[in-house]
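Visitor: Okay, here's the structure, questions in a sec.
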Ligand SMILES: NC(=O)C1=CN([C@@H]2O[C@H](COP(=O)(O)OP(=O)(O)OC[C@H]3O[C@@H](n4cnc5c(N)ncnc54)[C@H](OP(=O)(O)O)[C@@H]3O)[C@@H](O)[C@H]2O)C=CC1
Ligand SMILES: O=C(O)C1=N[C@H](C(=O)O)C[C@H](O)C1
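In the UniProt record's numbering, the protein residues as written are 1 to 265.
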């Protein structure tokens with residue numbers, strides 16, 4: 001069966017790459033794109049893919065669903081709009097695959113409940129790169145032995161959310177095996193607000209934003225006389241594409257919400 005995919009965020013850094021990945025996949029068909037403003041009526045892919053029809057662009061989700069009948073909505077957009085659209089997709093029985101980050105824990109819970117009620121697959125993947133997933137798994141393992149941990153995530157300077165979805169997911173995974181604890185000196189205080197970064201169960205997450213970076217993270221564990229560093233670098237957005245393909249295939253086989261690819265690889 002060919003999986004019919006619609007995409008939101010097709011013109012973005014991730015979206016551009018994902019469009020090519022889907023167009024080159026024999027098991028998938030890119031049937032439509034969702035935009036939020038009128039910027040043209042097609043993605044202009046005919047030169048590169050002359051045997052394909054122009055992929056139509058919609059600004060109205062209901063129309064997109066009615067006219068192009070996607071199985072899956074791939075969302076690579078913006079933390080401000082992703083929650084409402086993911087809900088809308090589930091309501092219309094479209095399976096969301098979401099790479100967009102910035103969900104609150106309450107939003108994730110609500111979507112989980114909705115997917116379960118609808119018996120519909122939904123994948124929310126804070127990071128599609130296999131190396132990043134392994135980094136998070138290894139960090140979770142290491143935290144059993146090294147409870148003192150700090151996370152440094154580093155991204156390009158166009159990123160809207162901080163900490164990154166990967167940084168938060170790493171802290172959540174570590175929290176599953178580590179008692180919440182306050183790190184550092186009990187009397188420490190910030191002389192400049194934010195110096196110690198975000199705090200998740202006592203773990204500090206530091207966000208670096210610089211031009212030239214893509215997506216990088218190190219998880220630092222400290223103990224008596226030793227330091228363990230687990231690091232992952234995405235050097236380009238190609239690193240995310242096998243995870244995108246995998247998620248589109250997997251979301252068709254499940255009837256619940258999966259938050260994080262570590263649960264299915
Ligand atoms: N899970 C993963 O592995 C990865 C996740 N990400 C996440 O994916 C998201 C996109 O990243 P990236 O491609 O770098 O960002 P970009 O800003 O390059 O792309 C976002 C795209 O979404 C469009 N957009 C914004 N708002 C809406 C809306 N309401 N409806 C439809 N489209 C909209 C933007 O249009 P316009 O520019 O015109 O506003 C833009 O084309 C981010 O949340 C990022 O954190 C990124 C990399 C990997
Ligand atoms: O915005 C990005 O670029 C990325 N976002 C995701 C995140 O917030 O963790 C995944 C990856 O780090 C790239």
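We put the CB at the ideal spot given by N, CA and C, even for glycine.
Given the structure is predicted, the values throughout are model-derived calculations rather than measurements.
Round the Cβ separation of residue 164 and residue 234 to the nearest angstrom and send it over; I've been treating them as touching at under 8 Å.
Guide: For this step, residue 164 is matched to residue 164 along the chain shown. For this step, residue 234 is matched to residue 234 along the chain shown. No, residue 164 and residue 234 are not in contact; Cβ-Cβ is about 11 Å, not under 8 Å.
Visitor: In the DSSP output, which residue or residues are listed as bridge partners for residue 221?
Guide: Counting from one through the chain shown, the residue named residue 221 turns up at place 221. Bridge partners of residue 221 according to DSSP: 149 and 228.
Visitor: Excluding the five sequence neighbours on either side, which residues of its own chain have a C-beta within less than 7 Å of the C-beta of residue 120, listed in chain order?
Guide: Stepping through the chain shown from its first residue, residue 120 is reached at position 120. Around residue 120: 90, 93, 95 and 255.
Visitor: May I ask which residues mark the beginning and end of the beta strand (DSSP E) holding residue 3?
Guide: Taking the chain shown and counting its residues from 1, one reaches residue 3 at position 3. Residues 3 to 8.
Visitor: Would a C-beta distance cut-off of 8 Å place residue 72 and residue 55 closer than the cut-off?
Guide: For the purposes of this step, residue 72 is taken as residue 72 along the chain shown, with counting starting at 1. For the purposes of this step, residue 55 is taken as residue 55 along the chain shown, with counting starting at 1. Not a contact, by the Cβ cut-off of 8 Å.
Visitor: Give a single yes or no on whether residue 161 has its beta carbon closer than 7 Å to a heavy atom of ligand 1.
Guide: As a first step, residue 161 is located in the chain shown; it is residue number 161 there, counting from the start. The answer is yes for residue 161.
Visitor: Can you list, in chain order, the residues of its chain whose CB lies under 7 Å from that of residue 100, leaving out five sequence neighbours each side?
Guide: Reading the chain shown from its first residue, position 100 is the one you call residue 100. Within the same chain, residue 100 has close Cβ partners 75, 76, 77, 78, 79 and 82.
Visitor: Given this structure, state the Cα-to-Cα distance separating residue 40 from residue 87, to the nearest angstrom.
Guide: Translated into positions along the chain shown, residue 40 becomes position 40. Translated into positions along the chain shown, residue 87 becomes position 87. Whole-angstrom Cα-Cα distance: 26 Å.
Visitor: Could you check whether residue 220 and residue 152 sit closer than 8 Å to each other, using their CB atoms as the reference points?
Guide: By one-based count along the chain shown, residue 152 stands at place 152. By one-based count along the chain shown, residue 220 stands at place 220. Going by C-beta atoms, residue 152 is nearer than 8 Å to residue 220.
Visitor: Taking 8 Å as the limit between beta carbons, can you name the residues of its chain near residue 57, skipping five residues before and five after?
Guide: Here residue 57 is taken as the residue at index 57 of the chain shown, counted from 1. Excluding residues within five positions, the ones whose Cβ falls inside 8 Å are 10, 32, 33, 34, 35, 39, 40, 41, 42 and 43.
Visitor: What whole-angstrom Cβ distance do residue 5 and residue 28 have, given they're in contact under 8 Å?
Guide: Working through the chain shown from its first residue, we reach residue 5 at position 5. Working through the chain shown from its first residue, we reach residue 28 at position 28. The pair is a contact, with the Cβ atoms about 5 Å apart (cut-off 8 Å).
Visitor: Within 10 angstroms of its Cβ, does residue 259 collect 16 or more other Cβ (buried), or is it exposed?
Guide: Translated into positions along the chain shown, residue 259 becomes position 259. With 16 or more other Cβ atoms within 10 Å, it is buried.
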